[in-house]
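Shown next, in structure tokens, is the structure this report addresses.
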Amino acid sequence: MEKNVHLIEHPLIQHKLTLMRDKNTTTKEFRELVKEVSALMVYEISRSMKLKDVEIETPIGKTYGKLLRDEIAIIPILRAGIIMAEGIIDLIPTAKVGHIGLYRDPETLKPVEYYCKLPNNISEYKVFLVDPMLATGGSAIKAIEVIKDKGAEDIVFVCLISAPEGLENLSKEYPDIPIYTISIDEKLNSHGYIVPGLGDAGDRLFGTK
Ligand code: PRP
Ligand code: URA
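Those letters in the sequence shown? Residues 246 to 454, by our numbering.
Shown next, in the form of structure tokens:
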């Protein structure tokens with residue numbers, strides 16, 4: 246496994262992942278699971294986040310405390326990343342949210358960009374770029390290229406399921422960007438779907454198929 250790749254194997258997460266993979270899980274349940282797992286992932290990832298000392302006043306008197314040092318920006322890759330972002334916002338409500346719209350051309354499997362709106366001064370934020378599926382890696386690579394171009398510097402990529410091909414391609418292109426995933430699956434099929442995966446994440450989240 247590439248050294249920038251972090252596999253999160255918390256039992257609660259693995260339990261919920263199995264429910265997500267099940268084709269009989271309904272859209273409502275699937276969406277809730279994606280939100281819950283995304284929040285749990287960020288809880289794990291945020292263990293290494295830096296704190297800053299602050300002085301505050303309780304109703305009783307002055308004291309010192311700690312707050313997160315970095316401003317957080319969550320950037321979901323549309324459309325499936327949106328629901329991951331919702332789960333993370335529940336945990337970090339002060340986070341700003343940017344959006345990047347990409348879809349994968351079904352023939353070429355190459356990403357096509359259609360939208361990008363990021364918080365101002367994105368270089369000042371710690372960015373969580375989120376997308377449930379890392380298949381060929383094309384979408385993640387394109388998204389990183391776009392947000393770096395707009396100034397983002399401190400980026401981590403958070404996905405649910407990854408394929409070995411996607412991990413290899415993304416790590417080769419951006420070896421310094423940490424990748425967090427909850428499963429490294431077997432392979433891609435001839436249509437670029439992750440095997441066994443969970444199917445089309447966008448369709449399962451939004452009930453479009
Ligand atoms: C899915 C997924 C990723 C991409 C991964 O999105 O959410 O963005 O495919 O594949 P890749 O690693 O091979 O690029 P899709 O293109 O189906 O768009 P959607 O979210 O609009 O359904
Ligand atoms: N996108 C998905 O939604 N699922 C896959 O398995 C691959 C790409």
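We put the beta carbon where it would ideally sit given N, CA and C, even for glycine.
Kindly indicate which three-state DSSP category residue i falls into: helix, strand or coil?
i	result
G310	strand
G447	helix
I322	strand
G442	coil
D298	strand
I290	helix
D394	helix
K454	coil
T339	coil
Applying the criterion that 16 or more other CB atoms from any shown protein chain within 10 Å of the CB defines a buried residue, is residue i buried or exposed?
i	result
Y419	buried
Y425	buried
M286	buried
M329	buried
G382	buried
K432	exposed
I305	exposed
K280	buried
L278	buried
S293	exposed
L363	buried
Please determine, among the options, the residue with the shortest C-alpha to C-alpha distance to residue i.
i	options	result
K371	V357, L405 and K295	K295
H260	S428, G447, P321 and Y438	S428
K446	P304, R292, I327 and E390	Here the sequence assigns Ala to residue 446, which means Lys is not the residue at that position. Answer by Cα proximity: I327.
N249	V403, N434 and S435	V403
L257	I386, K297 and Y288	Y288
A380	L443, G411, I345 and L336	G411
V367	I334, I337, G343 and E358	The question names Val, but residue 367 is Ile in the sequence shown. Residue G343 is the option with its Cα nearest to I367.
K311	I317, A318, I319 and I301	I301
Can you determine whether any heavy atom of the ligand URA sits closer than 8 angstroms to the C-beta of residue i, and answer yes or no?
i	result
M265	no
P256	no
Looking at the ligand PRP, does it come within less than 8 angstroms of residue i, judged from the CB to the closest heavy atom?
i	result
Y425	no
K419	Checking the sequence shown, residue 419 turns out to be Tyr, not Lys. Y419: no, Cβ never under 8 angstroms from the ligand PRP.
Where do the ends of the alpha helix (DSSP H) carrying residue i lie?
i	result
L354	Segment: none, L354 is in no alpha helix (DSSP H) and carries neither H nor E.
I258	P256 to R266
K417	P409 to E418
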